[in-house]
Each structure stands twice: as structure tokens, then as C-alpha cells.
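Take a look at the structure set out below.
Protein chains in written order, with our numbering: chain A, 1 to 111; chain B, 112 to 573.
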């Protein structure tokens, strides 16, 4: 499949994520949309990685060129996991105080 | 390398010392000792006296510029803990963890000052930000703190997603994660020519979120206002300067990729940031909120370093980071001790605490950029770098910046006016002798750098 298909697919997923973050009011759903954005990036990185490997392997069958894109994906997964643990802790902390996970509920800081 | 390794170790040590000791003062002293070791380690590293070397496969690149910035960040953190350590102890029960998180944030900063690969940029930004989400919500029962923490977290994670998309697109354009595109190993298919500029634009948006440049600044006032004041001080100074270092490291080697659009977007962002930061700050009633908006306005000035991105800009950003961090840490240290955070809360402070009112005046003058303080030369270097780079086309930008600098004088002088020329009973909690001596020392450093900026800048070269 041409690389453009992957680019369009992951940009579509990414846009769904962005729209979700900007429009949804439930903190958990917003959070899921952010995860969707990260996973769109993962997909794109893996697709590019395969593309570059396929391009390089023609000249040199022992090449590792392009594999660093897949390594990056693992870093994104680990960091996303760390972010999830902190983010869910913050949402739980908020739920304990307000008994709600609606972000509209939180508008005390606006003057 | 010393700073990265030592700060990570210090963070872990702090976490364990929380198990063994419940004495809050002892924990603060441990943190101070850790910061001192970190500072010494980093200075040794700067002069290549003793360096831990690890083969990083060119992912990190250590230079004088990054090491000097590390020293400034660590030194400012040290002053911050010395000044506000007592207030950190009052935020909650988990004092050891707060210090551990500060150390981890410093680890992220030292990664950001030396990255040579987009992977390290991403890891550095995350290692720096994640501790801050926790610190913002450190006061668990406070609803404003909860809200600030959630908002900061959602905005931070959102901007991380945008940055990653940018990195992925850049990878698609060049085939590797080096920040210097000339190192591309094989020819890139030309049909994807749009990917590179688009990726850089995404990273630019994401970093603008981190440094709170308009139009991505909207989270800043709420988060800075809601977070415990001690941690606002840390976020608004050291973290923000680190964001700019990352910005400069990345874009000084990549800006030519953006060509024409770069010359249009950046001035617009600068003007918008200066406009929103300064004009909104004028209308604030709370000093803490005014400082949040003023930090947006100062970010507008620091963006000039990006516009210039020459040697003058690099010197300037080091000077600006120092001047801005020192002054803001000082102002916050006094603000935290005040009973009332509004402008009226400062009424008559000069009569009750003449010394504190005087050093506060010096800090405010430095932020406003009055000559004889460090803030003046910081602003001067920023504008000079823009003129040197852009020539006449940058002149209108510099004039706009000067006009807004004049506006900023208004709201900084409101505090001075309240302290000296209004009658009132400014209430303040107890301050001990060490606190006052330290503030005087910071004020002296600011004036000294304001007279001889070369004291600091010469360190960058030899």
C-alpha cells in the first residue's frame, strides 16, 4: 500500500482525537481522545519505519535503517503509561472532591 | 552528563529519605545538599574537570551553552529552595516527594539543554512536565488546585500529542530523528516535501503551549493561579526558561526549513503574546494573577531570541533566564508570605518592612527592564539580536516590543506604589534573618548583572 494511505489514516485518527479533546466535557473521554492522538502517531511512525526499511533493504540486505521509528513507538508507549498513571490519579483526586468528572464543573478560576 | 545522572539519583535518594525521616526540616536540608552537589557536578562538567561519560550515540550533544543554562537552572532552584523551603513544607505531608519531583523536573531540563535527537526532546519535555502535573495538584483538598492540575495535565498531554505528530512527520520527511537535517542518510522521496515544514509547525505549536506563547497561553493564568504559590514560582521561572532553551536548540538548526512562513508566523506570535500578556495584566486585581500574565508578556520577549537565533540571542536568552528567574523567584518568595494576594494587600508594606519593600522594588524594576538592573540588559540583548538578524524589517517589531515594555511598567509600578505611597496594614507572616539576607543577596546579584552583564556572559566562551 502506498505510504499516503497511512498518512491519511493516521491524520484522520489524529483529527478525531483533537476534535474530541476540544468538544467533549467528560475528563475521562478527553483523556481517551488524547490517547487516540498518541496512537495515531504510533501508527504513522511504524508506517514510515517500514517504508524506509523497504527503501534501504534494496541496496543493502543487512541494513537496520528505519528501525529507529519502531523504537520510538516503544518510548511513546512507556511515556503514555506514565502519563496515564498521573492523569488518572488527578482525575480520581478531583472526583473525590467534587463527585464529578465533568470539566465544565470546574470553572472557579475564571474571574 | 553529570547533571542528568546526578539529578536522577538525587530524586531517587529524596524519595527514599522520605521513608526514613519524617522530619520536614531535615528533608529540606537533604534537598539543599543534593542541589549543591548537583551544582558542583555541573560546574565541573562545564570545564571538563570531571565528567561521567556514557556513549549516547549522538543523541545528546553537550556544549557550553547547555551547561551554562543547567548551572543557572540548578542555581535558581537552589535559591528557590533556600528561600521557600519552609513554604514547601507547609503545602502537604509528602515533602520528600515534592523535592524528588523537583529533582526529576531538573533531570528533564538537563536533557532539554543538551538534546541532539527528537527522541530526547520528547523524553525531556515529558520528564520535565509530568512532575509538574503532580506538584500543581499537591494541595489535594483545594478545589482550585485540583482544577489547575487537571487543566495543566490535559493541556500538557494534548500538546505532547501534537509534538509527537510533528516528530512523526519530520521522521517521514528525513528518515531519522536527528535535529540537524543534513545528516539524512538516504535520499528522501521528494513528493513528501510538505511533511518537514508541517512537522516543524506542529512542534512549534506544541512548544508554544509549553512556554505559554499566545494563542496557546489560555491555560497559564488559571494554572499559575490555582497551583500552590511555591510551585507556581518554580513553574513560572525555571521550567519556562527550559522550554525556551529547547525551542532555541531545535529551531536554530531547523528554521531555514520553514523559510517564508517562518518570517510571518513568528512575528505574529510575538506581537500576540506581548499584547495579550501586557494588556490583560493591567486589569488584574491579584498580584499572583498579574504575575501569571506578566510571565506571558516576558515569554513574548524571550521569543525574540527565536526570531534572532544568532549568538547574540543565545547570550540574551541566558541573561534573560537569569534575570527573569531571579526576580520572579524573589517576588514570589515575598508574595507567599503575604496574607492578602491583591494589590491592596501590599498597602503600606514599606513602613512595616522597609527592607523587604526595597528588595521587592528591585525585583519589580528588573522585570520592567529599568536600567541598572539585569532585566534591562536582558531585554536589550533580545531586541538587539532581532535587529541584527532582521535589519530594518525587524524594526517595527522592536518598536512594538518597546511600547509594550512601557505598558508593563504600569502594572509593576502599581505594586511599588501600593508599598510606598498608600496607607494600610500589610500583613505578613514571620520572616527570619536568613530569608531577608538571601533576598538582599539576590537583589545584589540582579544589580551586579545589570551593571556588568559580561560577568555572566563571558562564562559562555572561554
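Even glycine gets a Cβ: it sits at the ideal position worked out from N, Cα and C.
{"Check": "Reference residue 312(B); option with closest CA among 336(B), 467(B), 358(B), 340(B)", "Outcome": "358(B)"}
{"Check": "Contact between the stretch 517 to 528 of chain B and the stretch 461 to 480 of chain B (3+ Cβ pairs under 8 Å)", "Outcome": "yes"}
{"Check": "Same chain only: Cβ atoms within 8 Å of residue 567(B), ignoring 5 sequence neighbours per side", "Outcome": "429, 430, 433, 560"}
{"Check": "Proximal chain A residues relative to residue 252(B), where beta-carbon distance stays under 8 Å", "Outcome": "97"}
{"Check": "Any chain A beta carbon closer than 8 Å to residue 140(B)", "Outcome": "no"}
{"Check": "Inter-residue Cα distance where the pair is residue 205(B) and residue 468(B)", "Outcome": "33 Å"}
{"Check": "Buried versus exposed call for residue 541(B) [16 or more other C-beta atoms within 10 Å across all chains shown]", "Outcome": "exposed"}
{"Check": "Candidates 166(B), 350(B), 234(B): closest to residue 246(B) by CA position", "Outcome": "350(B)"}
{"Check": "Inter-residue spacing [alpha-carbon to alpha-carbon] between residue 51(A) and residue 310(B)", "Outcome": "18 Å"}
{"Check": "Proximal chain B residues relative to residue 68(A), where beta-carbon distance stays under 7 Å", "Outcome": "287, 288"}
{"Check": "Residue 112(B) - DSSP class collapsed to helix/strand/coil", "Outcome": "coil"}
{"Check": "Within chain A, the residues that residue 268(B) reaches when beta carbons sit closer than 7 Å", "Outcome": "34, 83, 87"}
{"Check": "Whole-angstrom distance between residue 69(A) and residue 229(B), CA atom to CA atom", "Outcome": "11 Å"}
{"Check": "Burial state of residue 2(A), where buried means 16 or more other Cβ atoms lie within 10 Å", "Outcome": "exposed"}
{"Check": "Per DSSP, the bridge partner or partners of residue 156(B)", "Outcome": "Paired residues: none, contrary to the question."}
{"Check": "is_contact[residue 282(B), chain A] using C-beta, thresh 8 Å", "Outcome": "yes"}
{"Check": "Contact with chain B by residue 30(A), beta-carbon distance below 8 Å", "Outcome": "yes"}
{"Check": "Residue-chain proximity (residue 279(B), chain A), Cβ-Cβ < 8 Å", "Outcome": "yes"}
{"Check": "Interface residues of chain A facing residue 248(B) [CB-CB closer than 7 Å]", "Outcome": "90, 93"}
{"Check": "CB contact below 8 Å: residue 5(A) versus chain B", "Outcome": "no"}
{"Check": "Contacts around residue 334(B), its chain only, beta-carbon distance under 7 Å, and the 5 residues preceding and following it disregarded", "Outcome": "247, 259, 262, 263"}
{"Check": "Beta carbon of residue 339(B) nearer than 8 Å to that of residue 267(B)", "Outcome": "no"}
{"Check": "Test: residue 17(A) CB closer than 8 Å to a CB of chain B", "Outcome": "yes"}
{"Check": "Other residues of its chain near residue 193(B): CB distance less than 7 Å, five sequence neighbours each side excluded", "Outcome": "143, 549"}
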